[in-house]
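Chemist: Pasting a structure below so you can have a look.
In our numbering, the protein residues as written are 1 to 129.
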């Protein structure tokens, strides 16, 4: 199920987000997967991307990072709310956002290597008409 997630982080005006053509957790058996560490799974997608805005008022200077390792586009593990690759953009224990610049699954275009405290998350199901 195509999905879009938007994340506002605390103590900053930065917004992160990502689009997944296959959804996030508990995707199901109809999507090719690879077994990962400790009962985790990776899912294939060639259409996913992640992005960031420096602040919520400036939509012109968005940074975008497209998936480059299609086999590890989505990371599914019980401790993550969503995971774009293992090390690119993922929520951990429903409170922290890991945004890593040394990604192996996505391009290195977000220019961050930090862990953020999440203020707000919005998730949308994308439908085509």
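The C-beta atom is built at its ideal place from N, Cα and C for all residues, glycine as well. Treat the numbers as computed from the prediction; the structure is a model and nothing was measured.
Quick check: the Cα distance between residue 41 and residue 75, rounded to an integer number of angstroms?
Modeler: 6 Å
Chemist: From residue 70 to residue 14, what distance separates their C-alpha atoms?
Modeler: 27 Å
Chemist: May I ask you to report which of helix, strand or coil DSSP gives residue 76?
Modeler: strand
Chemist: Does residue 43 come out as helix, strand or coil in the three-state DSSP assignment?
Modeler: strand
Chemist: Can you tell me whether residue 8 is buried or exposed? The criterion is at least 16 other CB atoms within 10 Å of its CB, across all chains shown.
Modeler: buried
Chemist: If you draw a straight line from the C-alpha of residue 119 to the C-alpha of residue 10, how long is it?
Modeler: 5 Å
Chemist: With the cut-off set at 9 Å, would you say residue 17 and residue 6 are in Cβ contact?
Modeler: yes
Chemist: Can you name, in chain order, every residue of its own chain whose Cβ lies under 8 Å from the Cβ of residue 62, other than the five neighbours on each side?
Modeler: 51, 52 and 53
Chemist: I'd like to check one pair, residue 65 with residue 122: are the Cβ atoms closer than 9 Å?
Modeler: In this structure, residue 65 does not lie closer than 9 Å to residue 122 by Cβ.
Chemist: Residue 94: buried (16+ other C-beta within 10 angstroms of its C-beta) or exposed?
Modeler: So residue 94 ends up on the exposed side.
Chemist: What are the boundary residues of the beta strand (DSSP E) that residue 49 is part of?
Modeler: 49-53
Chemist: What do you get for residue 91, buried or exposed, if any count of 16 or more other CB atoms within 10 angstroms of its CB means buried?
Modeler: buried
Chemist: Residue 113 to residue 128, Cα distance in whole Å?
Modeler: So the alpha carbons of these two residues sit roughly 34 Å apart.
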